[in-house]
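One structure is given here, and the rest of the page talks about it.
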């Protein structure tokens, strides 16, 4: 299957007024999340949404679920965490759909614009990325991810002396020595 975050809306463009439930599964089209926690590109995700026609628009309500790779910001332990990203967004089918701008006002703030269905396809990727950015923890910890504290000692790679290990977050400072 193709991109699970793209929905064919041809039925709604042609005037269907019945709500529809859509479930799609496939590989994530791109990385979704933050630096320390994200669903990687290609990892399996499931889109489960209800589409409600609003005349010249469509209300999308549901969720995207998958497994995110997360790294504890304290001990750098890797975790695989099941996540659910909620979606609640309206998409415009036409330019005449309700907008937040007055007819005579300048359109200088595009982030308030309602996303559009383009070529009968609704692309939820940016909506999901934005929601993940606000709902995933910025600095995840073992406690917040698994409910248990960080291990007493982080695992030391066998190829290096523990006294010479450099925290990867500080490795860039080595050039200033």
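Numbering (the working numbering), first residue to last: 377 to 553.
C-beta atoms are modelled at their ideal positions from N, C-alpha and C, and glycine is treated no differently.
Keep in mind the model is a prediction, meaning the values are calculated, not measured.
Secondary-structure assignment with DSSP links residue 420 through a beta bridge to 403. When only Cα atoms are considered, residue 471 and residue 501 end up about 21 Å apart. For residue 462, DSSP records a beta bridge to 439. According to the DSSP secondary-structure assignment, residue 427 is paired through a beta bridge with 396, 436. A distance below 8 Å separates the beta carbons of residue 511 and residue 461.
For the pair residue 447 and residue 528, the Cα-to-Cα distance works out to about 16 Å. Shown here, residue 494 sits in a strand according to DSSP, grouped into three states. In the three-state DSSP reduction, residue 552 falls in the helix class (H, G or I). Counted as a single uninterrupted DSSP element, the stretch harbouring residue 387 is not any beta strand (DSSP E) but the alpha helix (DSSP H) occupying residues 386-389. In the DSSP assignment, residue 414 falls within the unbroken beta strand (DSSP E) covering 413-415. Of the candidates 419, 395, 548, 419 places its Cα closest to the Cα of residue 403. In the displayed model, residue 489 falls within coil according to three-state DSSP, outside both helix and strand. Looking from the CA of residue 445, the closest CA among 379, 465, 517 belongs to 517.
Here the region 449-457 makes no contact with the region 419-431; the two share fewer than three CB pairs at distances below 8 Å. Separation of residue 468 and residue 412 (C-alpha to C-alpha, rounded to the nearest whole angstrom) is 33 Å.
C-alpha of residue 497 to C-alpha of residue 455: approximately 35 Å in a straight line. Cβ contact annotation for residue 441 (same chain, cutoff 8 Å, sequence separation greater than five): 421, 422, 424, 458, 459, 460, 461, in chain order.
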